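Read the structure below first, then the notes.
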Amino acid sequence: MCEKYKNLFAVVVVVVVVVVVMVVVVVVVFVLLLLLLLVVVVVVVVVVVVVVVVVVVVVVVVVVVVVVVVVVVVVMLVVVVVFVLLLLLSLLLVVVVVVVVVVVVVVVVVVVVVAVVVKVIVELVAAAVVLALVAIVVRVVVVVVVVVVVVVVVVVVVVVVVVVVR
Numbered sequence: 021m022c023e024k025y026k027n028l029f030a031v032v033v034v035v036v037v038v039v040v041v042m043v044v045v046v047v048v049v050f051v052l053l054l055l056l057l058l059v060v061v062v063v064v065v066v067v068v069v070v071v072v073v074v075v076v077v078v079v080v081v082v083v084v085v086v087v088v089v090v091v092v093v094v095v096m097l098v099v100v101v102v103f104v105l106l107l108l109l110s111l112l113l114v115v116v117v118v119v120v121v122v123v124v125v126v127v128v129v130v131v132v133v134v135a136v137v138v139k140v141i142v143e144l145v146a147a148a149v150v151l152a153l154v155a156i157v158v159r160v161v162v163v164v165v166v167v168v169v170v171v172v173v174v175v176v177v178v179v180v181v182v183v184v185v186r
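The sequence shown begins at 21 in our numbering and counts up by one.
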């Protein structure tokens, strides 16, 4: 009977050993699965972080490019506006020069007409030699005045043209 229990004891020991080995294998497999799950979670977190960083970098680059484009466009518009204003100022200066020249020419014409009228009046009144001498003096004065006015007009026109050309 001892022999019978001995075999039964051996079977129980084998069953216990098999159960213990199975439990150890299950625990090891469970731990390995947990480690694999942890690795998968870490990989997913790293991928998500990398994607978020890439998206943030792309958004920042796009914003910087848009800001640079806007700044360049604004600077170009300011340059165009300044250029147009300078062009209008130059045009205004040309108009002022033309007006000044016209006024000077009108003044010269008026002076010449007045001088001619004065000359005619002086010649009509000058019947005597004294009046003839006065007429000669008036003629000289008229010529001198006309020459001075013409010289002044020419100098003014030259100065205005030089200023405009610069």
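All C-beta atoms, glycine included, are put in the ideal place defined by N, C-alpha and C.
Owing to the predicted nature of the structure, the values given are computational and were not obtained by experimental measurement.
According to the neighbour-count rule (16 or more other Cβ atoms, all chains shown, within 10 Å of its Cβ), is alanine 8 buried or exposed? Residue 8 lies beyond the stretch modelled for the chain, which goes from 21 to 186, so this question has no answer here.
Are the segment 94-107 and the segment 162-179 touching by the rule of at least three beta carbon pairs closer than 8 Å? With a cut-off of 8 Å on Cβ pairs, the segment 94-107 is not in contact with the segment 162-179, counting fewer than three such pairs.
In angstroms, rounded to a whole number, what distance separates the CA positions of valine 158 and valine 178? The residue given as residue 158 occupies position 138 in the sequence shown. The residue given as residue 178 occupies position 158 in the sequence shown. If you take the alpha carbons of valine 158 and valine 178, they lie about 30 Å apart.
Alpha-carbon spacing of valine 92 relative to valine 85, whole angstroms: Walking along the sequence shown from the start, residue 92 turns up at place 72. Walking along the sequence shown from the start, residue 85 turns up at place 65. CA-to-CA, the gap between valine 92 and valine 85 works out to about 10 Å.
State the DSSP-derived secondary structure class of arginine 159, mapped to helix, strand or coil. Residue 159 sits at position 139 when you count from the first residue of the sequence shown. Collapsing the DSSP output to three states places arginine 159 in a helix.
Taking 8 Å as the threshold (C-beta atoms), are valine 131 and valine 169 in contact? Working through the sequence shown from its first residue, we reach residue 169 at position 149. Working through the sequence shown from its first residue, we reach residue 131 at position 111. Contact flag set, yes.
Does the distance from the CB of valine 184 to the CB of valine 114 come in under 8 Å? On the sequence shown, position 164 is the one that residue 184 refers to. On the sequence shown, position 94 is the one that residue 114 refers to. Annotated as proximal: valine 184 and valine 114, with beta-carbon spacing under 8 Å.
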